[in-house]
Every structure is written in structure tokens, then in C-alpha cells.
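Everything below concerns the one structure shown next.
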Amino acid sequence: MEAAAVVGLGTGAGAGLTRWQAAALAAVAGWVCAASFFDLTRRTRALVQPWVTRRVHAETAAILRLQRLLEHKLLDNFFSVLSCVVSVPFYTGFLPLLFWSGHGRLARQMTLLMAFCDYLGNSLKDMVSAPRPCSPPVRRVTATEDEKENAMEYGLPSSHALNTVCLMGYLLHYVLTYGEHGSVIVAAGLSLAFLLVMLVGIARIYLGMHSLTDVVAGIGFGIVILAFWLAVDDHVDAFIVSGKNVATFWAGLSLLMCFAYPKPEFPTPSFDYHTAFNGVAFGIVYGIQQTYFHFHTPDAPLIFSAQLPLPTFAGRILIGIPTILIVKFCSKALSKWLLPVMCSTLGIPIVSSCYVPALKVDSSGKNKQAAGYLQRLFSHFPQKAYDVDTGIRFVQYAGLAWSVVDLVPAIFSHLNL
């Protein structure tokens, strides 16, 4: 399938969107408008939230019994470390290593799958807006800053459980599909995946972050998402490496996905995580489109081979990780300056919740600007202030992801790594 996918790569820069691409974007835009018009988020929340809340409260006693039975400092540390397996720092470090180790197809599929999981999981969290177990009485262990931010999100479903199912499931699928294996390897792989999913589920309950209902929902949704992805991954990969107008289509899709997100009952970090992975997905897709034949074909050297021994791979890590972090920093700095200027020119009202202090919400109205020609031209836009931090976050993570598959491999090539 991958060999066939590269045929016609040069046709990927067509003049306009194809019919199916335009129809897909129109469908997403139509869904956004329909969901807003019919107030689907509020209606769905009114149906589901009370039931989930009752379940979470009913399971509090069981969570307390589990914590009292198992409470130990070693388990606190073990389960906290285990929870990092599907955290943002883990993605930041693990997925670039897959690209640089020669497993390009696996890396891009897992990146897009994680972005897909993050969007669906966080959308469901904010749509339902169900609480986590009450603390106190439940003991909540937040050993890292990431866990403290996670605790600010809503509960159902457990993103850690959902992501672990998809991450381990797709990794196992890839190994069994493209590697040599026997019945023992299959049994060992399935056992390891099952064990890790169960441990992560127990960890989320033990740490006081989720109820059993949250974890079961996360595992269930993870299985559904994984099954869907396994049915479409070949088509997605073929489109990315050889489709027409991929960058244009994905840019439009990324923009729409910023609006195709339910508004939670109260603000949480979930939308920020979605925006970051939305940017990562766009950066990966754009970079792969530009450099597939140069760095990401099936003939790319694999780690532990004669062309890519372990010392060379270590050199890639020492050069690559600092480089992508520098690109992320520069992308953030550039977008903090450029995006407010662009929005001001176009007359798009903006505020900033964090990144641009000068654009913090000002109730006195001092932030309002005079309407010029372009402002009047764009006056048909919905007259509400948009958070420019969303665009800044998208750009910085898109820049980081692009550097992983484009800039850094070019540096490796120049340095003969």
C-alpha cells in the first residue's frame, strides 16, 4: 500500500480543492452551524451529565476503599510515572524519535491517531462536563505540573485510558503487520498491551483522578476509535503522501476543527490540548508532503541497521530535540507578534488570555480599534472577540511538528547522520 501511495506525488499541488475535499470541509462547517443553531452541546449535556455525575458520586466509596487498601508511597510514585506514558511530554519525546529512527509510517500514523483521540476524547469531556471524584474525601495525587493541569479537566472519559488503548493497540498492529512474528510473539504482545491498559486504568482510579465509569468509558471509546483507525489508516497515509491539495485541505480542516469543539460548562485546559495537537497534525502533514521522497520513504534507514547504528541515532537525538524546541520557541515568538497585527489589519476582534498581556480583556473598551477599510470588509464576521492564544498555540506546535519531519532531517542529511 505504501509503495502504491507514492505514485503521483508530484500531482499533490493542484490549483484547487477536489470535489470530495470541498464537500468534506462543507460538511464540517455545516455540522458546526447546525450544532450551534440547535444547541446540541447543551441538550446532550442535559441528558448525559446527571447520570454520569450520579455514577461518579456512587463510586466514591469504592475509590476510597481501593486507596486505603493499596496506599503506599511506592505505588504513588509508580502510578504517577505510569500516567506519564500517555502525557504531553511523552508525546513530545517519543513521536519525534520514531520519525528519526526510520519508522516514518508508524510515526505519522501514531501522531495523527493521537491527535484524533485527543480531539474526540476532549470534545466528549467538555460536552458532558462531568465531574471527577470529589477531593476530599478522595485522595488526589498530582505529582507533576501536567497532572495538576489534568485535574482541572472534566472526568468522562479517561483520556489516559483512551490514549493507551489506541497507542498500544496501533503499535501492536504495526508490529504484527510489518514484522516477523509467531504465536508466542502475538500472545506476548496482546498480554503486554492488556496489562498496560489495565495498569493505567487502575492508576487513574488509585490517584483519585477518575472513577471506574470514566475509565471504562475511556477504554470503550478507545477500542471504537482504534477499530475505526485500523480501517482507514492506509487511505489516510496514501492521501498524506500522494494526495492532491493536501496542505490546503488540511489547513482548512484545522481551522474548522478549532470551531467544531463543544463549549464546556466552565473553561478547562482541554481545548488548549486539542489546539496543540491540531497544530502538530498540520505540521506533520505539511512537512511530509514537502519531504516524503527525501527523508520518509520505506527505504529510509532503520535504527540498529548498518546505515543507522545506535551512536548515530544518539547523535540525532542530541541535535534534534534542542532544534525542535528552538523552533517551537521561535514560532511562538513570531506568532505573538504577527497574529495580533494580522487580526488588527483584518478587523477581527481579539483578546488574549495569557500570551499577549496588552490584549487582556479590558471591560472599559480601551482595546477597541477604529474600523478601517479592511475592518468594514470583514464586518460580516461574527462580532465577538476571539482568543488569539488559540492561533499562537496552533502555530508554535505546527512549527515544532514541521521541524521534526522537515528541518531536522535536512540537518541530519547535511551532517551525514
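Under UniProt numbering, the first residue of the sequence shown carries the number 1, and numbering increases by one thereafter.
Idealized CB from N, CA, C, for every residue including glycine.
From a predicted model like this one, the values you see are computed outputs, not experimental measurements.
task = Rank I185, V197 and T312 by C-alpha distance to the C-alpha of G169 and give the top, closest one.
result = When each option's Cα is compared against that of G169, the closest is V197.
inquiry  = If I follow the unbroken alpha helix (DSSP H) through T144, where does it start and stop?
reply    = No alpha helix (DSSP H) holds T144; DSSP gives it neither H nor E.
query = With a CB to CB cut of under 6 Å and the five nearest residues on each side skipped, what residues in its chain are close to P264?
reply = D126 and S129
inquiry  = Just to confirm, is the Cβ distance from D406 to T291 under 7 Å?
reply    = yes
key: Three-state secondary structure assigned by DSSP to Y386   = strand
key: Helix, strand or coil at V81 according to DSSP, with G and I counted as helix   = The three-state secondary structure of V81, taken from DSSP, is helix.
query = For F295, which residues from the same chain have a beta carbon less than 6 Å from its beta carbon, with the 5 sequence-adjacent residues on both sides left out?
reply = Excluding its 5 nearest sequence neighbours in each direction, F295 has C-beta neighbours in its own chain below 6 Å: P409, listed in chain order.
request  = Alpha carbon to alpha carbon, how far is F394 from W402? Give it in angstroms, no decimals.
outcome  = 12 Å
inquiry  = Pull the bridge partners of V175 from the DSSP assignment, please.
reply    = DSSP lists no partner for V175.
key: Separation of L112 from N77, as counted between CA atoms   = 30 Å
request  = Along the alpha helix (DSSP H) that carries R132, what are the first and last residues, could you check?
outcome  = Careful: R132 lies outside any alpha helix (DSSP H) and carries neither H nor E.
Chain-order list of residues whose beta-carbon lies under 8 Å from that of W250 (same chain, five-residue window excluded) = A281, F282, V285 and Y286
ask   = Quick one: complete alpha helix (DSSP H) runs, 4+ long, within the segment 281-350?
value = 310-346
Beta-carbon gap between D118 and Y273 smaller than 7 Å = yes
task = Assign S363 to one of three DSSP states: helix, strand, or coil.
result = A caution first: S363 carries a pLDDT of 43, below 50, which makes its placement in the model unreliable, though a value can still be read off. Correct three-state label for S363: coil.
ask   = How big is the Cα-Cα spacing for G365 and K384?
value = Here the model assigns G365 a pLDDT of 44, short of 50, so the residue's position is not dependable, and the following value carries that caveat. Looking at the two C-alpha atoms, the distance is approximately 13 Å.
query = Touch check for the segment 199-217 and the segment 140-153: three-plus C-beta pairs under 8 Å?
reply = yes
query = DSSP on L17, reduced to helix/strand/coil?
reply = coil
key: Assigned exposure category for G243 - 16 Cβ within 10 Å defines buried   = buried
request  = Have a look at V241 and I348 and give me their C-alpha separation to the nearest angstrom.
outcome  = 35 Å
task = Over the uninterrupted alpha helix (DSSP H) stretch that includes M152, give me the two end residues.
result = Taken as a continuous stretch (DSSP letters only), M152 belongs to no alpha helix (DSSP H), as it is neither H nor E.
ask   = Do you know offhand how far Y174's Cα is from H103's?
value = Going by C-alpha positions, Y174 is about 10 Å away from H103.
ask   = Cα separation between A238 and I288?
value = 12 Å
task = Select from G121, C84, L176 and G222 the residue whose C-alpha is nearest the C-alpha of R204.
result = Minimum Cα distance to R204 is reached at C84.
ask   = Per DSSP, what kind of secondary structure is P136 in: helix, strand or coil?
value = coil
query = With DSSP run on the structure shown, which of helix, strand or coil describes C354?
reply = coil
request  = Work out the CA separation of R54 and P322 for me, nearest whole Å.
outcome  = It is roughly 47 Å from the alpha-carbon of P322 to the alpha-carbon of R54.
query = Counting pairs of Cβ atoms below 8 Å between the segment 215-223 and the segment 56-68, do you hit three or more?
reply = Touching, no.
message = Tell me the rounded alpha-carbon separation between I411 and F94.
response = 19 Å
key: Reduced DSSP category for S183 - H, G, I as helix; E, B as strand; rest coil   = S183 falls in the helix class under three-state DSSP.
H57 versus Y154 - alpha carbon distance = C-alpha separation (whole angstroms): 14 Å.
message = Quick check for students: name the residue ranges of the alpha helix (DSSP H) that lie wholly in the segment 176-246, counting only runs of 4 or more.
response = 183-206 and 212-242
query = Is A276 buried or exposed, if buried means 16 or more other CB atoms sit within 10 Å of its CB?
reply = buried
task = Can you give me the start and stop residues for the alpha helix (DSSP H) that N122 sits inside?
result = Taken as a continuous stretch (DSSP letters only), the alpha helix (DSSP H) holding N122 covers G104 to V128.
query = Span of the alpha helix (DSSP H) holding H57?
reply = That run of the alpha helix (DSSP H) goes L40 to A58.
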